[in-house]
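Participant:
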Amino acid sequence: MKILQAPFTEEMMRSLRVGDEVAINGVVYTGRDAVHKYLHEGGELPPGVNLRDGIIYHCGPVVMKEANGDWKVTAAGPTTSIREEPYQGQIIRDFGVRGVIGKGGMGDRTLAACAAHGCVYLHAIGGAAQVLAECVKRVRNVYLLEKFGSPEAIWELEVENFPAVVTMDSHGGSLHAEVLRHSQAALAERV
Amino acid sequence: MNVLLDSLLELIRRTSAEIPDDVHRAILTSLENEKKGTIAESAFKIIERNIGLAKNKSQPICQDTGSILFYVDCPVGFDQIAFTETCREAVTLATRKGYLRQNSVDSITGVNDGTNVGPGSPTVHFHQHRASTLQVRLMLKGGGCENVGAQYSLPAEKLKANRDLDGCRKVILDAVLQAQGKGCGPGVLGICIGGDRAVGYEFSKLQFLRLLDDRNPDERLDALEQDILTTANELGIGPMGFGGKTTLLGVKIGVANRLPASFFVSVSYMCWAFRRQGVELDSALGISRWLY
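Chains as they are written, first to last, in our numbering: chain A, 1 to 191; chain B, 192 to 483.
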């Protein structure tokens with residue numbers, strides 16, 4: 001298990017390889033379908049959101065407001081990343097993103113952007129909303145909540161020991177491409 | 192005090208927070224079978240820990256609390272309109288309590304009003320029967336697995352799938368291949384052979400109401416279910432598509448008649464976070480027993 005402690009540097013991300021299990025400590029920003037489309041179309045990042053050397057988490061959490069007015073994340077697993085494939089490479093490049101957390105992996109354009117700009121894809125366990133919510137120690141802020149609604153907003157989360165697996169690295173390696181190739185070959189022998 | 196409202200609220204809470212026993216058993220077996228020290232085994236361990244945490248904390252197993260699908264078996268003369276109204280009320284309340292995520296979006300404006308109630312949400316399917324019992328089943332089906340559902344029209348030339356059971360097998364296994372990684376595996380397939388496009392998908396989802404370890408009474412379909420389960424688990428896709436031994440936890444196949452011109456095979460995929468529960472309600476509409 002490798003510890004990824006903020007700030008997330010290019011050197012740190014370049015040292016990771018497909019198959020590495022990591023634990024993430026620091027701030028991550030959630031962003032999914034609406035945010036990616038918005039940024040792709042030239043939308044401005046709200047003041048306070050800084051993705052440079054940062055991590056985007058493809059996640060639409062369940063967040064409750066507590067009696068004292070604080071937000072509390074009560075469920076927070078990853079959503080399927082491939083829907084952001086049309087936008088992700090550009091966002092990695094333009095905003096200096098170092099890590100993308102999600103599930104299911106992404107395609108060639110994102111893989112190329114990871115190699116070009118020193119970013120990695122970190123696969124969290126889909127459906128593990130409680131294990132991952134426990135890793136969220138604090139909600140620092142929320143942006144675009146009114147515009148996009150709670151699941152699609154940008155939530156600024158402090159995470160601790162957030163578990164993920166590197167499935168796409170900055171050296172062209174992709175576990176997803178590998179498993180697809182093997183499973184396709186295995187299926188061809190069986191139909 | 193509204194007894195039906197309380198019963199439905201409890202049904203929603205438990206469905207969202209607790210994996211049914213039959214599915215949990217299958218996940219535990221898969222964890223034991225997985226090769227030690229692999230990322231597949233790590234994935235199963237996190238899944239298993241998550242199941243326990245969600246139950247103990249009474250919180251959603253998965254943050255995507257999904258499409259809200261009620262299936263109601265009711266006696267003749269049952270007031271379906273009043274029941275549906277109470278379902279909508281229970282869903283609104285469950286969302287406020289955090290059993291459900293604010294998960295329903297206006298498809299034209301993109302507005303999420305935070306209630307989970309709107310056109311098509313929740314969906315309530317009624318089935319009248321001659322008995323006096325009232326049973327309510329609930330399925331919460333997340334978007335990740337819903338997105339990897341697929342409908343094939345046979346013949347499917349690219350897959351060399353003709354209009355026979357072997358053709359069905361080919362397209363179903365193709366669906367497994369295409370779903371890898373995306374649908375939060377290991378998953379369960381619900382399949383309908385035949386029907387029109389709408390009936391096909393509807394019947395495919397109904398298969399998820401079956402117990403995971405039941406056997407299809409139709410020998411031909413039973414053989415196909417077992418064959419697809421075995422073959423899929425030989426493909427090495429594994430949990431979350433990480434590679435590994437368990438790709439599917441179960442395969443359930445139903446059948447509907449078709450038109451001579453049509454031959455659809457509809458495949459619905461359910462993720463490992465398989466949320467379905469059911470209750471039988473007594474004459475006062477309190478919960479008299481749990482169905483899973």
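C-beta: ideal position from N, C-alpha, C; glycine also.
Flag Ala281 (chain B) as yes when its Cβ comes closer than 6 Å to any non-hydrogen atom of the ligand FAD, and as no otherwise.
Facilitator: No copy of the ligand FAD appears in this structure; indeed no ligand is present at all.
Participant: With a threshold of 7 Å between beta-carbons, can Thr437 (chain B) be considered close to chain A, or not?
Facilitator: Cβ-Cβ to chain A under 7 Å: no for Thr437 (chain B).
Participant: I think Pro377 (chain B) touches Leu329 (chain B), with their Cβ atoms under 8 Å apart; what is that distance to the nearest whole Å?
Facilitator: Between Leu329 (chain B) and Pro377 (chain B) the Cβ distance is about 22 Å, and since that is not below 8 Å, they are no contact.
Participant: Less than 7 Å between the beta carbons of Cys135 (chain A) and Val166 (chain A), yes or no?
Facilitator: no
Participant: Kindly list, in the order they appear in chain B, the residues whose Cβ is closer than 9 Å to that of Val165 (chain A).
Facilitator: Ile230, Ser233, Ala234, Met431, Phe433
Participant: Residues of the segment 43 to 62 of chain A in Cβ contact with chain B at a cutoff of 8 Å, in chain order, please.
Facilitator: Cys59, Gly60, Pro61, Val62
Participant: How would you label Thr314 (chain B), buried or exposed, when you count the other beta carbons within 10 angstroms and need 16 or more for buried?
Facilitator: exposed
Participant: Suppose contacts are defined by Cβ-Cβ distances below 7 Å. Is Gly118 (chain A) in contact with Arg14 (chain A) by that definition?
Facilitator: yes
Participant: What residue range does the alpha helix (DSSP H) around Leu482 (chain B) cover?
Facilitator: Looking at the DSSP string, Leu482 (chain B) is not in any alpha helix (DSSP H), and its letter there is neither H nor E.
Participant: Along chain A, which residues have their Cβ under 9 Å away from the Cβ of Val296 (chain B)?
Facilitator: Gly149, Pro151, Glu152
Participant: Jot down the residue ranges of each uninterrupted alpha helix (DSSP H) in the segment 210 to 280 of chain B, minimum 4 residues, whole runs only, in chain order.
Facilitator: 212 to 224, 230 to 248
Participant: Could you tell me which residues DSSP pairs with Tyr143 (chain A) in its beta bridges?
Facilitator: A:Ile154
Participant: Using three-state DSSP, classify Ile101 (chain A) as helix, strand or coil.
Facilitator: Ile101 (chain A) falls in the strand class under three-state DSSP.
Participant: Taking beta-carbon pairs under 7 Å, can you tell me which members of the segment 200 to 221 of chain B lie near chain A?
Facilitator: Sequence-ordered contacts of the segment 200 to 221 of chain B with chain A are nonexistent [C-beta pairs closer than 7 Å].
Participant: Could you give the DSSP three-state label for Phe455 (chain B): helix, strand or coil?
Facilitator: strand
Participant: Given a threshold of 16 other Cβ atoms within 10 Å of its Cβ, counted over all protein chains shown, does His176 (chain A) qualify as buried or as exposed?
Facilitator: So His176 (chain A) ends up on the buried side.
Participant: Taking 7 Å as the CB-CB cut-off, is Cys359 (chain B) touching chain A?
Facilitator: no
Participant: When we look at the beta-carbon of His58 (chain A) and count the other beta-carbons within 10 Å, is it buried (16 or more) or exposed?
Facilitator: buried
Participant: Could you tell me which residues DSSP pairs with Leu4 (chain A) in its beta bridges?
Facilitator: A:Ile24
Participant: Would Met12 (chain A) pass as an interface residue toward chain B - the criterion being a Cβ-Cβ separation below 7 Å?
Facilitator: no
Participant: Are there 16 or more other CB atoms within 10 angstroms of the CB of His171 (chain A), so buried, or fewer, so exposed?
Facilitator: exposed
Participant: Assuming Met64 (chain A) and Thr79 (chain A) form a contact by the criterion Cβ under 8 Å, report the distance between their Cβ atoms to the nearest whole angstrom.
Facilitator: So it is not a contact: roughly 19 Å between Cβ atoms.
Participant: Anything in chain B within Cβ reach of Ile24 (chain A), meaning under 8 Å, just list it in chain order.
Facilitator: Here the premise fails: no neighbours, minimum Cβ distance about 14 Å.
Participant: Quick check on Met13 (chain A): does DSSP put it in helix, strand or coil?
Facilitator: helix
Participant: I need the straight-line Cα distance from Gly309 (chain B) to Lys436 (chain B), nearest angstrom please.
Facilitator: Distance between the alpha carbons of Gly309 (chain B) and Lys436 (chain B) is about 41 Å.
Participant: At what residues does the beta strand (DSSP E) containing Arg292 (chain B) begin and finish?
Facilitator: No beta strand (DSSP E) holds Arg292 (chain B); DSSP gives it neither H nor E.
Participant: Note down, in chain order, all residues in the segment 413 to 429 of chain B with a beta-carbon under 8 Å from any beta-carbon belonging to chain A.
Facilitator: Those would be Thr422, Glu425, Leu426, Gly427, Ile428, Gly429, in chain order.
Participant: Determine the DSSP secondary structure at Arg467 (chain B), reduced to helix, strand or coil.
Facilitator: Residue state, collapsed to three classes: strand.
Participant: Give the interface partners of Glu41 (chain A) over in chain B, defined as CB-CB distance under 9 Å, in chain order.
Facilitator: Result: empty, since nearest Cβ-Cβ is about 13 Å, beyond 9 Å.
Participant: Given that a residue counts as buried once 16 or more other Cβ atoms are within 10 Å of its Cβ, and exposed if not, what is Glu84 (chain A)?
Facilitator: buried
Participant: Let me know the secondary structure DSSP gives Lys349 (chain B) once reduced to three states.
Facilitator: helix
Participant: What residues match up with Pro46 (chain A) in a beta bridge as DSSP calls it?
Facilitator: Answer by DSSP bridge pairing: none, since Pro46 (chain A) is not bridged.
Participant: Could you check if Thr421 (chain B) is buried or exposed, using at least 16 other CB atoms within 10 Å of its CB as the buried criterion?
Facilitator: exposed
Participant: Along the chain, which unbroken stretches of the beta strand (DSSP E) at least 3 residues long are found entirely within the segment 369 to 413 of chain B?
Facilitator: 378 to 384
Participant: Answer with yes or no whether the minimum CB distance from Ile125 (chain A) to chain B is below 7 Å.
Facilitator: So yes, Ile125 (chain A) belongs to the interface.
Participant: Given a cut-off of 7 Å on the beta-carbon distance, is the pair Leu426 (chain B) and Ala133 (chain A) in contact?
Facilitator: no
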